[in-house]
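These notes are about the structure you will find just below.
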Amino acid sequence: MSTPSPGSAPFTVRTTALTTLLGEWRHGGRAHAELADKLGLLLIDGRLRSGTRLPAERELAAALGVSRTTIVSAYRGLRERGILRSVQGSGSVLELPATGAQDHSARALEIDFSKAAPAAWSELPAIAASALERLPEQMAVGGVDLFGLPDLRERIAERFTERGAPTSPDNILVTLGAQHAIALVARTLLGRSDRVVVETPGYPHALDAFLAAGARLVASPLTPSGTDASHLAETMRDARPSLIYLMPDFHNPTGTSMPDADRERLLSVAAATGTPLLVDETTAELDIDRGRTTTPFAALPSRGAGVITVGSVSKTMWSGLRVGWIRAERHLIDRFALARPAADMGNSTLDQLVAAEALPHLPRLLAQRAVQLGAGRDHAVSLLRELLPGWDVPDVHGGLALWVGLGAPLSSALAVSARARGVTITAGSRFGIDGAFERDIRIPFTAPLPVLTEGIGRLAEAWESVGTGRRGPVLEPALVV
Ligand SMILES: Cc1ncc(COP(=O)(O)O)c(C=O)c1O
Numbered sequence: 001m002s003t004p005s006p007g008s009a010p011f012t013v014r015t016t017a018l019t020t021l022l023g024e025w026r027h028g029g030r031a032h033a034e035l036a037d038k039l040g041l042l043l044i045d046g047r048l049r050s051g052t053r054l055p056a057e058r059e060l061a062a063a064l065g066v067s068r069t070t071i072v073s074a075y076r077g078l079r080e081r082g083i084l085r086s087v088q089g090s091g092s093v094l095e096l097p098a099t100g101a102q103d104h105s106a107r108a109l110e111i112d113f114s115k116a117a118p119a120a121w122s123e124l125p126a127i128a129a130s131a132l133e134r135l136p137e138q139m140a141v142g143g144v145d146l147f148g149l150p151d152l153r154e155r156i157a158e159r160f161t162e163r164g165a166p167t168s169p170d171n172i173l174v175t176l177g178a179q180h181a182i183a184l185v186a187r188t189l190l191g192r193s194d195r196v197v198v199e200t201p202g203y204p205h206a207l208d209a210f211l212a213a214g215a216r217l218v219a220s221p222l223t224p225s226g227t228d229a230s231h232l233a234e235t236m237r238d239a240r241p242s243l244i245y246l247m248p249d250f251h252n253p254t255g256t257s258m259p260d261a262d263r264e265r266l267l268s269v270a271a272a273t274g275t276p277l278l279v280d281e282t283t284a285e286l287d288i289d290r291g292r293t294t295t296p297f298a299a300l301p302s303r304g305a306g307v308i309t310v311g312s313v314s315k316t317m318w319s320g321l322r323v324g325w326i327r328a329e330r331h332l333i334d335r336f337a338l339a340r341p342a343a344d345m346g347n348s349t350l351d352q353l354v355a356a357e358a359l360p361h362l363p364r365l366l367a368q369r370a371v372q373l374g375a376g377r378d379h380a381v382s383l384l385r386e387l388l389p390g391w392d393v394p395d396v397h398g399g400l401a402l403w404v405g406l407g408a409p410l411s412s413a414l415a416v417s418a419r420a421r422g423v424t425i426t427a428g429s430r431f432g433i434d435g436a437f438e439r440d441i442r443i444p445f446t447a448p449l450p451v452l453t454e455g456i457g458r459l460a461e462a463w464e465s466v467g468t469g470r471r472g473p474v475l476e477p478a479l480v481v
């Protein structure tokens with residue numbers, strides 16, 4: 001998300017595109033305030049970039065089926081918060097204020113709760129230095145690599161085998177992270193208007209990847225305890241989807257795990273309906289204290305169902321190491337590799353050398369992560385329960401975040417108010433389709449404990465101001481930059 005320099009040309013969002021982004025923005029309150037909140041949220045979470053010119057008031061009113069006064073009031077509200085500038089002759093331009101710029105106290109600390117990603121594993125620098133020694137031998141060849149270095153494919157395959165899913169390196173394609181893997185699967189297998197069944201809430205960028213491939217999403221809601229296997233099975237039979245996307249372990253954002261019995265049931269239905277399963281294991285190994293083991297989909301009898309598994313080192317080792325993978329049948333691996341050059345020319349040799357060197361240490365790394373994530377979770381849970389007793393804070397046993405119930409449809413308003421206090425956080429609606437989940441918010445527990453303390457303290461203040469109708473200092477006119 002970039003803030004254009006003064007005088008740079010605004011980017012105009014088309015009215016139809018804006019209507020889609022707004023989704024279900026009405027929640028029974030005052031329409032102009034809800035619209036302003038939603039527009040502010042789209043700006044804060046980057047779906048509308050700073051410098052975006054909004055449609056003319058009359059045009060947006062017609063598209064949304066509301067009065068022009070509603071739009072005028074919504075735009076006025078945004079102007080008063082300091083995030084909309086009206087420029088003579090160029091309409092109304094959304095602009096992100098520079099937070100903290102006027103405050104030299106502890107407030108100047110920007111806190112990013114929008115990313116659930118831990119800092120790099122402490123041993124990674126030493127491992128990277130050692131991996132670097134193997135670079136010269138790789139440099140004897142051209143470096144273009146669509147499938148992945150043989151050593152790395154072997155180690156990824158070994159890890160699947162250790163987890164109960166015997167795997168050959170030929171069944172592994174190395175990718176630039178799990179998101180790349182999901183997008184590659186989507187654009188290779190999906191055609192325009194194909195249906196993809198997704199659990200909601202879900203990981204937003206996976207949903208974006210399916211939409212970008214031209215697919216339509218069919219939602220299957222999670223229950224408070226996780227997957228609703230009956231609903232999923234029914235949806236697979238009724239909607240005849242081309243793909244079903246699942247996050248069986250430490251689902252992002254809810255942190256839930258799918259019981260083995262549900263996995264087996266879904267495999268049977270997938271086999272019967274011919275629906276391939278795309279299983280996202282990016283967060284699968286982040287067990288803190290679940291106290292039971294689950295079986296990877298790839299390790300269960302497939303009964304003839306097609307199972308494609310994706311994963312990465314992002315959440316275990318470091319998100320800056322862009323290494324992920326796809327495990328699939330050999331003919332699919334070839335198709336995915338062949339589809340790559342239209343969008344990418346293959347893997348980074350250096351990143352792969354580091355990942356290959358680090359993978360044999362994964363069990364030790366995971367034990368350390370469990371301690372670290374457990375400390376973050378415990379700290380966040382106790383602070384939230386103390387400072388925000390009205391919120392519903394779940395017990396999670398793995399993953400990176402808490403999916404917290406607010407008790408009111410104020411997630412977007414909270415995100416806007418938090419931003420004014422130097423905390424960037426993603427509202428619940430980003431994890432749903434069409435604006436659902438306004439009553440929830442995802443709070444990651446990956447930051448160092450003092451940052452969690454400060455960030456959750458500011459969230460409590462932001463919540464208080466949302467509840468009392470005060471929207472916080474930075475978005476008020478005095479702080480327009
Ligand atoms: C469930 C899930 N899938 C995929 C990704 C993307 O991961 P990567 O950084 O490996 O591209 C993430 C990252 O947050 C995730 O949580």
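Numbering (full-length UniProt numbering), first residue to last: 1 to 481. The beta-carbon is built from N, C-alpha and C at its ideal position, and this holds for glycine as well. If you're wondering where the values come from, they're calculated on a predicted model, not measured in any experiment.
Going by Cα to Cα distance, which pick from the options is closest to residue i?
i, options, result
"Thr-283", "Glu-123, Arg-430 and Gly-398", "Gly-398"
"Ile-71", "Arg-419, Thr-235, Arg-292 and Pro-55", "Pro-55"
"Arg-322", "Thr-69, Gln-179 and Gly-82", "Gln-179"
"Gly-274", "Asp-238, Glu-285, Leu-135 and Arg-58", "Asp-238"
"Ala-358", "Asp-151, His-27 and Thr-235", "Asp-151"
"Arg-58", "Thr-69, Arg-49, Ser-50 and Gly-51", "Thr-69"
"Ala-272", "Ala-261, Val-279, Glu-285 and Gly-304", "Gly-304"
"Ala-129", "Ala-355, Tyr-203 and Thr-254", "Ala-355"
"Glu-285", "Pro-363, Pro-224, Val-269 and Phe-210", "Pro-363"
"Ala-367", "Ala-436, Arg-419 and Asp-287", "Asp-287"
"Asp-194", "Gly-435, Ser-67 and Ala-209", "Ala-209"
"Ser-67", "Asp-37, Ala-31 and Leu-387", "Ala-31"
"Pro-301", "Ile-441, Ala-270 and Leu-365", "Ala-270"
"Glu-24", "Ala-436, Arg-263 and Ala-462", "Ala-436"
Tell me which same chain residues have a C-beta within less than 7 Å of the C-beta of residue i, skipping the five on either side of it?
i, result
"Ala-219", "Val-198, Thr-200 and Ile-433"
"Ala-343", "none"
"Asn-347", "Asp-145, Gly-148, Val-174 and Leu-176"
"Gly-164", "Thr-295, Pro-296 and Ala-299"
Would you identify the three-state DSSP class for residue i, choosing helix, strand or coil?
i, result
"Gly-291", "coil"
"Val-323", "coil"
"Glu-438", "coil"
"Pro-221", "strand"
"Arg-14", "coil"
"Thr-273", "helix"
"Leu-267", "helix"
"Tyr-203", "coil"
"Pro-248", "coil"
"Trp-403", "strand"
"Ser-86", "strand"
"Phe-210", "helix"
"Leu-286", "coil"
"Gly-457", "helix"
"Thr-254", "coil"
Evaluate residue i with the Cβ neighbour count: other Cβ atoms within 10 Å of its Cβ, from every protein chain shown; 16 or more gives buried, anything less gives exposed.
i, result
"Val-141", "exposed"
"His-331", "exposed"
"Gln-352", "buried"
"Pro-10", "buried"
"Leu-41", "buried"
"Leu-207", "buried"
"His-27", "buried"
"Met-139", "exposed"
"Met-345", "exposed"
"Pro-450", "exposed"
"Arg-81", "buried"
"Pro-253", "buried"
"residue 486", "A question about residue 486 goes unanswered here, because the residues of the chain that appear run from 1 up to 481."
My guess is that residue i and residue j are in contact by the Cβ rule of under 8 Å, so how many angstroms apart are they, rounded?
i, j, result
"residue 498", "Phe-336", "Outside the displayed range of the chain (1 to 481) lies residue 498, so it cannot be described from this structure."
"Ser-114", "Ile-425", "6 Å"
"Ala-401", "Ile-443", "6 Å"
"Ile-326", "Leu-277", "Not confirmed; about 13 Å, so no contact."
"Leu-78", "Leu-39", "6 Å"
"Arg-265", "Ala-229", "5 Å"
For chain C, is any of its Cβ atoms less than 8 Å away from the one on residue i?
i, result
"Ala-299", "Within the model displayed, chain C is absent; a lone protein chain is all it includes."
Using a Cβ-Cβ cut-off of 8 Å (strictly less than) and excluding sequence neighbours within five positions of residue i, which residues of its own chain qualify?
i, result
"Val-466", "Leu-410, Ala-413, Leu-414 and Ser-417"
"Gly-291", "His-397"
"Ser-257", "Gly-226, Pro-248, Asp-249, Phe-250, His-251, Arg-290, Thr-294, His-397 and Gly-398"
"Ile-111", "Gly-422, Val-423, Thr-424, Ala-447, Val-451, Glu-454, Gly-455 and Arg-458"
What residues in its chain sit with their C-beta under 6 Å from that of residue i, if we drop five residues either side in the sequence?
i, result
"Arg-53", "Pro-10, Thr-12, Gly-91 and Val-93"
"Ala-427", "Leu-41, Ser-411, Ser-412 and Ala-415"
"Ser-312", "Gly-177, Ala-178, Thr-282 and Gly-324"
"Thr-349", "Gln-138 and Gly-143"
"Ala-63", "Thr-15 and Thr-19"
"Asp-170", "Arg-330"
Please confirm whether any heavy atom of ligand 2 lies closer than 7 Å to the CB of residue i.
i, result
"Tyr-75", "Annotation note on ligand 2: not contained in the displayed structure, which lists ligand 1 as its ligands."
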